[in-house]
Amino acid sequence: MTVTDSGTVSVTGRATAFDSDRAWVLNSSVALRPEPFGALLYHFGTRKLSFLKNLTVVEVVQSLGDHASADDALAAAGIGDADRHLYVSALSALAVSGMIVPNS
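Per our numbering, the very first residue in the sequence shown carries number 1; after that it's consecutive.
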């Protein structure tokens, strides 16, 4: 997986656009279960299981629906410019796997 500066994610030849200026939300087919290490995400449609091993990422994912954009969710979580690309990359991977979806 590669993430460009524009937020486009390329996974094995296919591209999915993750735009942090857009509103995103946890997919309604996904359950998030908090764990001491972070959280488990389970997609009931694809049966995919993902592990979030960073509590800040868990906080951002849980709050996505409360913000007008992913950028706003990152700012609310106190993510600074120096670390922002790491969190955009994590959210991009979650978008590619269908764990988060655009909030329309």
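For each residue, glycine too, the CB sits at the ideal point set by N, CA and C.
How is the beta strand (DSSP E) around residue i delimited, first residue to last?
i           : result
alanine 39  : 38-43
arginine 33 : 30-35
Please return the same chain residues whose Cβ sits closer than 7 Å to the Cβ of residue i, not counting the five positions on each side in sequence.
i              : result
aspartate 71   : Ser20 and Asp21
isoleucine 100 : Trp24, Val25, Leu26, Asn27, Val61, Leu64, Leu91 and Leu94
serine 69      : Ser20, Asp21, Arg22 and Ala23
CB-CB under 6 Å to residue i, same chain, minus the five flanking residues each way: which ones, in chain order?
i          : result
leucine 31 : Strictly speaking, residue 31 in this sequence is alanine, with leucine absent from that position. Once the five neighbours on either side are set aside, the close Cβ partners of alanine 31 are Tyr42.
Comparing alpha-carbon positions, which option in the options lies nearest residue i?
i          : options                       : result
alanine 39 : Asn54, Arg47 and Val25        : Asn54
leucine 49 : Leu94, His67, Phe18 and Gly80 : Leu94
alanine 23 : Leu86, Val96, Val88 and His67 : His67
For the alpha helix (DSSP H) that contains residue i, what are its first and last residues?
i         : result
serine 63 : 55-63
I'd like the list of long-range same chain contacts for residue i, defined as Cβ closer than 8 Å, with 5 residues on each side in sequence excluded.
i            : result
arginine 84  : Leu74
glutamate 59 : Ala77
Using only the heavy atoms of the ligand GDP, determine whether one of them is closer than 8 Å to the beta carbon of residue i.
i             : result
asparagine 27 : The ligand GDP is absent from the structure shown, which contains no ligands of any kind.
Give the list of continuous alpha helix (DSSP H) stretches no shorter than 4 residues that lie fully inside the segment 67-99.
70-76 and 81-96
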